[in-house]
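J.:
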Amino acid sequence: MTSSFEFPTYPARLSDAERDKAVQVLRDGVAMGRLSHDTFVRRMELALAARRADELAALTADLPRENRFSRVVLGTVEAVSGFTVRLRRAWQAERLPKLLLPQAAGGHPLRIGRDPASGLRLNHETVSRVHAELRRQGGMWVLRDLGSTNGTTVNGRRVVGAVVVHEGDQVAFGRIAFRLAAHQETFPHSN
């Protein structure tokens, strides 16, 4: 007498890689304007709940699949556009006037602003009367925004409170920008 046991069979569980591929196709569909935000959100929910590969395939059937060539092209375009941004910043930084870091004497801060009493007076509408100060602290240069209206930036990032700055940094007070430079030491020439 032989007995046979029957076990129900279930399809194999979807792998994370299969789910990731479907999610990437959905993301690309949104990026290309082929899916609305609401449709994308609904399909993402369905993709995360899918149990079978055919369910995932149904979610992406109306979307074009990117081939390897288009990914390479898009990656190249992205790299070139990033390069041009960096090149433009470098070009502008070289054309900026230099702001010489004060020689460390007595620890008095260099006040920057429109106020005639400022050590660095910048007479421009985007510069506050008392805009910022530059001070030598613990062997480092610290730039502090003093609550200016149009802000102080270092290398394109807005200063909140104080930040350490270095020679070569690009600093801006409102719309007036400089490149920080150190005083050059002069040595006697020997003949």
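Position one of the sequence shown corresponds to residue 1 (UniProt numbering), numbered consecutively onward.
For glycine and all other residues, C-beta sits at the position ideal for the given N, C-alpha and C.
Would you list the one or two residues that DSSP bridges to G161?
T.: Bridge partners of G161: none, in fact.
J.: Mapping the DSSP letters down to three states, classify D115 as helix, strand or coil.
T.: Coil, per DSSP.
J.: In its own chain, which residues sit with a C-beta less than 8 Å from the C-beta of R19, not counting the 5 before and 5 after it?
T.: Excluding sequence neighbours, R19 sits near A47, L48, A50, L56.
J.: DSSP three-state label for A182, please.
T.: Note: A182 maps to coil in three-state DSSP.
J.: Considering only residues of the same chain and omitting the five flanking positions on each side of S190, which have a CB-CB separation below 8 Å?
T.: With a pLDDT of 45 at S190, under the threshold of 50, the modelled position of this residue cannot be trusted, and the question is left open.
J.: Is it buried or exposed for H108, if we count other Cβ within 10 angstroms and need 16 for buried?
T.: Under this definition H108 is an exposed residue.
J.: Do you know how far the Cα of R135 is from the Cα of G161?
T.: Cα to Cα, the separation comes out at about 13 Å.
J.: What is the rounded straight-line gap between the Cα of G111 and the Cα of V171?
T.: Checking the displayed sequence, the identity of residue 111 turns out to be Arg instead of Gly. Approximately 14 Å between the Cα atoms of the pair.
J.: Mapping DSSP to helix, strand and coil, what is P188?
T.: Because P188 carries a pLDDT of 48, less than 50, the predicted location of this residue cannot be relied on, and the following value inherits that uncertainty. Reduced to three states, the DSSP call for P188 is coil.
J.: If the criterion is Cβ atoms closer than 7 Å, does the pair L26 and F40 meet it?
T.: Closer than 7 Å, so yes.
J.: At what residues does the alpha helix (DSSP H) containing T153 begin and finish?
T.: Looking at the DSSP string, T153 is not in any alpha helix (DSSP H); the run it does join, the beta strand (DSSP E), is 152 to 154.
J.: What span of residues does the beta strand (DSSP E) with D145 cover, start to end?
T.: Element bounds for D145: 140 to 145.
J.: Taking C-alpha atoms, which residue in G33, T126, L143, V130 lies nearest to A167?
T.: Residue 167 is actually Glu in this sequence, not Ala. Among G33, T126, L143, V130, the Cα nearest to that of E167 belongs to L143.
J.: For Q137, tell me which candidate among A53, A182, V165 has the shortest Cα-Cα distance.
T.: That would be V165, whose Cα lies nearest to the Cα of Q137.
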